[in-house]
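A.B. asks: Residue numbers (the numbering used here), protein chains in the order written: chain A, 32 to 260; chain B, 763 to 953.
Built from N, CA and C at the ideal position, the CB exists for glycine as well.
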Amino acid sequence: MDSIHDLGGKLGFGEVAPTNDPVGFLERWHGAVFAMTFSSGGTAFGSGDQFRHAIERIDPVGYLTHGYYGRWLGGLETLLLESETLTSTEIEEKVRQVDSDPAPAAARPSATPDRFTEKYRDLDARRPVDTVPRFQEGQVVVTRSTPSIGHTRLPAYARGKQGTIVALHGGWVLPDASAHGNVDRGDHLYTVAFDSGELWGEAGEPGTSTRLDLFESYLHLPAQGEAHG
Amino acid sequence: MGEVNHQALRAQALEELLVEKGLLDPGAVDNIVTLYNERVGPMRGAGLVARAWTEPEFKQALLEDADAAIADYEYEGGEIQKLVVVENTPDVHNVVVCTLCSCYPWAVLGLPPKWYKDPAYRSRVVREPRAVLKEFGTELADDVEVRVWDSSAEVRYLVLPERPQGTEDLDAGDLAELVTRDSMIGVTRLR
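Quick look at the structure:
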C-alpha cells in the first residue's frame with residue numbers, strides 16, 4: 032500500500048536527532064498499548080501483518096504526528112472496532128469517564144508471567160513450504176515493479192530494481208496474504224542486495240548497498256537483455 | 763503535551779474496557795512494563811558481543827547461525843524468530859533499519875530508541891547512509907563498504923561491532939560494559 036509509512040528514500044525529514052533513551056517504556060501508557068496489542072492478537076486480529084497494515088491505514092498526517100506508540104494505539108483501536116471487540120460508543124463513553132476521573136489505574140495483581148510468551152508463539156511467522164526455492168545464492172533477480180493496494184513488505188524504493196540473492200531463509204508467512212486474513216500461505220524468503228546506484232542513480236553514495244528481506248513472489252529473473260545500472 | 767495526555771487517556775479507556783470484558787489480564791500491563799524496563803535490554807546483546815570477542819568458536823557460531831548459537835539463553839521479549847548477526851570489520855560497516863515500520867530485535871536489544879522509529883532515520887539511512895552515520899559522529903573512510911540492512915520481513919539483525927583497541931586485558935564481563943546499543947544497531951563504532 033502506497034502510504035506515508037513507506038518512508039525509505041523520502042526527502043525532507045531533516046537530520047537525525049540521536050537520543051539516549053533509557054531502557055524500556057518512557058510512559059506507562061506506552062506499555063499499556065503494547066500489552067493490549069499482544070493480548071488482542073488472536074481475538075481482534077489474526078497476525079502481526081494485519082496489525083502493521085492497520086497502522087499503515089492511519090491517515091498520513093496522523094502517522095507522522097502521533098508518535099510510535101500513538102500509531103500503535105491508532106492501529107489497535109481500529110482493529111478492536113473492526114473486529115467488533117469494542118464499539119466506538121463504549122470507547123467514547125469510557126474516555127469521558129476516565130477524563131473526568133483521571134486517577135491512574137489502581138495497583139493491579141500480577142498475572143501469570145508467561146502469558147506474553149504464549150501469545151508470541153501463537154504469532155509464529157515461520158511457514159515451511161514444500162516447493163524448492165526458485166532462486167539460489169548469487170543469482171541476479173528483479174523485484175516487482177507495480178504497487179500493491181494492500182499490505183506488502185516490498186518498499187517502494189526497491190520496486191522494479193535488480194539485485195543479487197545473498198541469503199535464503201526458508202518459508203515464512205507471506206505478509207501480503209496474512210495481513211488480509213490468510214495466515215497459512217508461506218513463501219520462500221531471501222535476502223537481496225541492491226547497489227546504491229541501482230536504487231538511487233547518481234545520487235547514491237559510492238560503496239554503499241542496501242539489503243532487503245524479500246519474498247519469492249516479489250521476485251523474477253531479469254528478462255533477456257534487461258540490465259540495470 | 764495535550765496530545766500526549768489525550769493518548770494516555772484513550773489508552774487507559776481501552777485498557778479498562780478490555781479488562782472489564784475479560785480480554786486483558788489485569789496484570790498484563792504491569793508485567794509487560796516490568797519485563798521491558800527491567801529484564802529485556804541491550805545488555806543482552808552486549809553480553810553476546812563480548813562473548814563473541816573472547817570466544818572465537820562462539821563468534822563463528824553466532825555469525826553462521828545466531829538462532830542456534832543463542833538458543834540456550836532462552837531470551838524472552840520477542841522479535842527474534844530469526845536472528846542474523848553481521849560483523850563489522852575494517853573493510854565493511856553494517857547498519858540496521860526498518861523503513862516500513864520499526865522492526866528491531868527486542869529480545870537482544872530491548873525496545874528501540876526514539877530516533878530509530880522517527881521518519882528522519884527511516885527515510886534517509888537507506889539513501890545516504892554515510893551522511894546519516896556522520897550525524898551520529900561516525901566518519902567512515904571512502905574505502906569502507908557500507909551495508910544497510912532494511913528489516914523488511916521477520917529476520918532481525920544485530921551488528922557485531924569491532925572490538926576496541928587496547929582492551930586485550932579485559933574479560934567478557936568488562937568488555938560487555940563497553941558495548942553500546944547504538945554500536946549494535948551499527949550507527950556508531952566503539953573506541
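Cβ of Gly872 of chain B within 8 Å of Cβ of Pro804 of chain B?
C.D. replies: The answer is yes: Cβ separation under 8 Å.
A.B. asks: May I ask you to report which of helix, strand or coil DSSP gives Asn856 of chain B?
C.D. replies: In the structure shown, Asn856 of chain B sits in a strand (DSSP, three-state: E or B).
A.B. asks: Does any residue of chain A have a CB that is nearer than 8 Å to the CB of Ser945 of chain B?
C.D. replies: No - not a single Cβ of chain A is within 8 Å of the one on Ser945 of chain B.
A.B. asks: Quick one, which of B:Glu930, B:Gly935, B:Pro881 and B:Gly948 has its alpha-carbon nearest Ala48 of chain A's?
C.D. replies: For Ala48 of chain A, the nearest C-alpha among the options comes from B:Pro881.
A.B. asks: If you measure from the beta carbon of Thr122 of chain A to each beta carbon in chain B, is any gap under 8 Å?
C.D. replies: Here the sequence assigns Ile to residue 122 of chain A, which means Thr is not the residue at that position. Chain B contact via Cβ: present.
A.B. asks: Determine, for Glu777 of chain B, whether the minimum Cβ-Cβ distance to residues of chain A falls below 8 Å.
C.D. replies: Closer than 8 Å: yes.
A.B. asks: When the Cα atoms are used, what is the spatial distance from Phe82 of chain A to Tyr878 of chain B?
C.D. replies: So the alpha carbons of these two residues sit roughly 20 Å apart.
A.B. asks: Going along chain A, which residues have a C-beta under 7 Å from Asn850 of chain B?
C.D. replies: Within chain A, no residue comes near Asn850 of chain B; the closest Cβ sits about 14 Å away, beyond 7 Å.
A.B. asks: Please state the DSSP three-state secondary structure of Leu6 of chain A.
C.D. replies: Limits of chain A in this structure are 32 at one end and 260 at the other, which puts residue 6 of chain A out of reach.
A.B. asks: How big is the Cα-Cα spacing for Ile86 of chain A and Leu112 of chain A?
C.D. replies: Answer to the nearest angstrom: the Cα atoms are 14 Å apart.
A.B. asks: Can you pull the chain B neighbours of Ser240 of chain A, defined as C-beta to C-beta under 8 Å?
C.D. replies: Those are Glu907, Val908, Arg909 and Val910, listed as they occur along chain B.
A.B. asks: Contact criterion: CB-CB distance below 8 Å. Does Pro49 of chain A meet it with respect to chain B?
C.D. replies: Answer yes: the Cβ-Cβ gap between Pro49 of chain A and chain B drops below 8 Å somewhere.
A.B. asks: So, at 7 Å on beta carbons, what are the nonlocal neighbours of Ser34 of chain A in its own chain, with the 5 sequence-adjacent residues on each side left out?
C.D. replies: Only Glu87 and Pro91 meet the Cβ criterion.
A.B. asks: Measuring CB atoms only, is the region 909–928 of chain B touching the region 944–952 of chain B, in the sense that at least three cross pairs come out at less than 8 Å?
C.D. replies: With a cut-off of 8 Å, the region 944–952 of chain B and the region 909–928 of chain B count as touching, because enough Cβ pairs lie within range.
A.B. asks: So within the region 907–933 of chain B, which uninterrupted beta strand (DSSP E) runs reach at least 3 residues, ignoring any that extend past its ends?
C.D. replies: Qualifying beta strand (DSSP E) stretches, in chain order: 907–912 and 917–922.
A.B. asks: By how many angstroms is the C-alpha of Ala828 of chain B removed from the C-alpha of Ser240 of chain A?
C.D. replies: Near 23 Å, if we compare the C-alpha coordinates of Ala828 of chain B and Ser240 of chain A.
A.B. asks: Which partner residues does Ser240 of chain A have in the DSSP bridge list?
C.D. replies: DSSP output for Ser240 of chain A lists A:Asp226 and B:Arg909 as bridge partner(s).
A.B. asks: Which residue spans inside the region 776–816 of chain B form an unbroken beta strand (DSSP E) run of at least 3?
C.D. replies: Counting whole runs of 3 or more residues, the region 776–816 of chain B contains no beta strand (DSSP E) stretch at all.
A.B. asks: Okay, do the region 164–182 of chain A and the region 207–217 of chain A touch, 3+ Cβ pairs below 8 Å being the bar?
C.D. replies: Segments in contact, yes.
A.B. asks: Going along the chain, which residues of its own chain have a beta-carbon closer than 8 Å to the beta-carbon of Gly840 of chain B, five neighbours each way excluded?
C.D. replies: Contacts found: Trp868 and Ala869.
A.B. asks: Would you mind telling me which residues of chain B sit closer than 9 Å to Pro186 of chain A, beta carbon to beta carbon, in chain order?
C.D. replies: Going along chain B in sequence order, the residues near Pro186 of chain A (Cβ under 9 Å) are Thr861, Leu862, Val888, Asp912 and Ser914.
A.B. asks: Following the continuous beta strand (DSSP E) through Val197 of chain A, name the residue where it begins and the one where it ends.
C.D. replies: Residues Gln193 to Val204.
A.B. asks: Mark Thr96 of chain A as exposed unless 16 or more other C-beta atoms lie within 10 angstroms of its C-beta, in which case mark it buried.
C.D. replies: Classification of Thr96 of chain A: exposed, given that the 10 Å Cβ count is below 16.
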